[in-house]
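Just so we're aligned: 998 in our numbering is position 149 of the sequence shown, and the numbers increase by one with no gaps anywhere.
Input: a single structure, listed below in structure tokens.
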Amino acid sequence: MEQEIKGFLDEKGRIAIWPAKQAKKRMVTAYLAGKFSESHVYTEGEVNALIGEWHTFDDYFLLRRSLVEYGYLDRKRDGSAYWVRGRTRIQPFAPDQAGALCALIRRTIRQVNLRDYGPERTERYALSYTPEGLAVASAKRHILVAMEEERILGTLGIERAWQGAGADYCFLTVFVEPGEQGKGIGRQLIQAGEAYVRGQGGASVLIPSSITGRGFYRRMGYLEIDGPEPDEEGIIPMRKQLKARPEEAPIE
850 MEQEIKGFLD EKGRIAIWPA KQAKKRMVTA YLAGKFSESH VYTEGEVNAL
900 IGEWHTFDDY FLLRRSLVEY GYLDRKRDGS AYWVRGRTRI QPFAPDQAGA
950 LCALIRRTIR QVNLRDYGPE RTERYALSYT PEGLAVASAK RHILVAMEEE
1000 RILGTLGIER AWQGAGADYC FLTVFVEPGE QGKGIGRQLI QAGEAYVRGQ
1050 GGASVLIPSS ITGRGFYRRM GYLEIDGPEP DEEGIIPMRK QLKARPEEAP
1100 IE
């Protein structure tokens, strides 16, 4: 693509000329869109800063509007947040999402955990989650949500592990919308959670896995602590020692 729009770029690869033809405008905008991270949610100021690195004619509004109008970025109506369109983004939970998140968790438990725990235990587990409880938990637990536009697709909660747990942090409430499973959303959440733990100085993570989730966590590098058999609550404790990745930026 860079060769096709070479005449519109300066020697450093920055956009120096805004094309007259629509086809070239779209190509130049696509080039600029490639500078945005698919996993980051940007403020308007951050969008302008990134645009500023890649253009020279000082028209932030034109390029920001083009990124949205040509379908490369989505944004909130008030312009407070921007993200790459059509991509799952990981961001911190907001208290006003408690109702939707609770519904997702209950739906996932009822549809996915049923085969391993039976109807009575599954329903009891599902009803243990409430919007009020999630809002309270968010005060002491760092909760991440996977979003596509304004829809929640999954979640992960992070807490400091208790004394004697054998790990620095614990991942709790890891759920992905049943119809969205198998698309890499759970992997994104775990990786974002691990980046957060590293950013806090942690080096190991404990997950009290359900029977249902064990295979997924194994694929993510987690190992059973006490063997493959679940305890009396149907939980399998699993742990992972994290490798340092200083280039990662945790989602605060």
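For glycine and all other residues, C-beta sits at the position ideal for the given N, C-alpha and C.
Straight-line spacing of the CA atoms in Gln1040 and Ala869 works out to 42 Å.
Nearest to Gln1090 by alpha-carbon distance, out of Tyr1066, Ala1052, Gly1076 and Met1069, is Ala1052. Considering only Glu969, Ala986, Tyr1018 and Ile866, the residue with the shortest C-alpha distance to Gln946 is Ala986.
Within a 10 Å sphere around the beta-carbon of Arg1088 sit 16 or more other beta-carbons, which makes this residue buried. Closest in C-alpha terms to Arg913, from the list Gln1049, Lys874 and Ala975, comes Lys874. Per DSSP, the beta bridge partners of Trp932 are Asp923. With respect to the C-alpha of Ile1085, the residue from Thr1061, Lys1092, Ala952 and Asp907 having the closest C-alpha is Thr1061. Straight-line measurement puts the Cα of Val1054 at about 5 Å from the Cα of Cys1019.
Around the CB of Arg926, fewer than 16 other CB atoms lie within 10 Å, so the residue is classed as exposed.
Collapsing the DSSP output to three states places Tyr978 in coil. Short of 6 Å from the beta carbon of Met1069, and not among the five residues preceding or following it, lie these beta carbons of its own chain, in chain order: Ile1039. Under the three-pair Cβ rule at 8 Å, the segment 1042-1050 does not count as touching the segment 973-985.
Your pair Tyr931 and Tyr891 checks out as a contact, with CB atoms roughly 4 Å apart and the cut at 8 Å. Straight-line measurement puts the Cα of Gly856 at about 43 Å from the Cα of Gly1003. Annotation: the continuous beta strand (DSSP E) that includes Gln1090 extends over Ile1084 to Gln1090. The three-state reading of DSSP puts Arg1009 in strand, counting E and B together. Bounds of the alpha helix (DSSP H) holding Phe1065 are Arg1063 to Arg1068.
Between the segment 1024-1035 and the segment 995-1015 there are three or more inter-stretch CB-CB distances shorter than 8 Å, so the stretches are counted as touching.
Between Leu916 and the set Ala879, Ile958 and Asn962, the nearest pair of CA atoms involves Ala879. Under the three-state reduction of DSSP, Ser915 is assigned to helix. For Ile1039, there is no enclosing beta strand (DSSP E); the residue is part of the alpha helix (DSSP H) that begins and ends at Ile1034 to Gly1048.
For Ile900 and Ile958, the gap between their C-alpha atoms comes out near 43 Å. 8 Å or more divides the Cβ of Val933 from the Cβ of Glu998.
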